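Visitor: Just so you know, we're using full-length UniProt numbering here: the sequence shown kicks off at 1 and counts up by one.
Ideal placement from N, C-alpha and C gives every residue a C-beta, glycine not left out.
It should be emphasised that the depicted structure is a prediction, and the values quoted were computed from it without experimental measurement.
Okay, here's the structure, questions in a sec.
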Amino acid sequence: MSDAKKVLVAEDSSVIINLTKNVLSFENFSITAVKNGQQVLNKLAEEDFDLILMDINMPVMDGIVCTKAIRNLSDPVKSKIPIIAITGNYKNFTLDDFKKAGLDDYVQKPLDYDLLLSTVKKHIYK
Numbered sequence: 001m002s003d004a005k006k007v008l009v010a011e012d013s014s015v016i017i018n019l020t021k022n023v024l025s026f027e028n029f030s031i032t033a034v035k036n037g038q039q040v041l042n043k044l045a046e047e048d049f050d051l052i053l054m055d056i057n058m059p060v061m062d063g064i065v066c067t068k069a070i071r072n073l074s075d076p077v078k079s080k081i082p083i084i085a086i087t088g089n090y091k092n093f094t095l096d097d098f099k100k101a102g103l104d105d106y107v108q109k110p111l112d113y114d115l116l117l118s119t120v121k122k123h124i125y126k
């Protein structure tokens, strides 16, 4: 068995963080959670991740601004990390809007955890 893949969860809801951790940990993913986009950038500066689950509406720095900042990083690996949007406002965005912002995919709230898991696997194991 290889080392657990590392997923950074950026979400301001503790309930969603805990449910997401439970689902992904069961599948042997290593989970780190933060509450806003600035904390995402801080964590990325400290360590490597295989994927980011990014809430769009967060305090301090939202997911779109944070994703654009990640895509502009000088580190060629970190700037290309798969980022999946988690959003309750998906009707305000099209997949094309998310792609233009640098997001690779999205999962809408309320989260379907089977879909979340399959989306994470699709981007980590491609």
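Which value, in whole angstroms, describes the spacing of the CA atoms of C66 and E46?
Guide: 16 Å
Visitor: For S118 and Y106, what's the separation of their Cα atoms in angstroms?
Guide: 12 Å
Visitor: Would L8 be called buried (16 or more neighbouring beta carbons within 10 Å of its own) or exposed?
Guide: L8 is classed as buried because its beta carbon has at least 16 other beta carbons within 10 Å across all chains shown.
Visitor: Under 8 Å between the Cβ atoms of L73 and A10?
Guide: no
Visitor: Is Y4 helix, strand or coil when you go by DSSP?
Guide: According to the sequence provided, residue 4 is Ala. The question's Tyr does not apply to it. Reduced to three states, the DSSP call for A4 is coil.
Visitor: From the DSSP output, in three-state form, read off I56 for me.
Guide: coil
Visitor: Excluding the 5 residues flanking S79 on each side, which residues of the same chain have their C-beta closer than 8 Å to its C-beta?
Guide: I70, R71, N72, L73
Visitor: Using C-beta distances below 6 Å, list every residue in its chain close to K6, excluding the 5 sequence neighbours before and after it, in chain order.
Guide: S30, F49, D50
Visitor: Could you have a look at V120 and say whether DSSP puts it in helix, strand or coil?
Guide: helix
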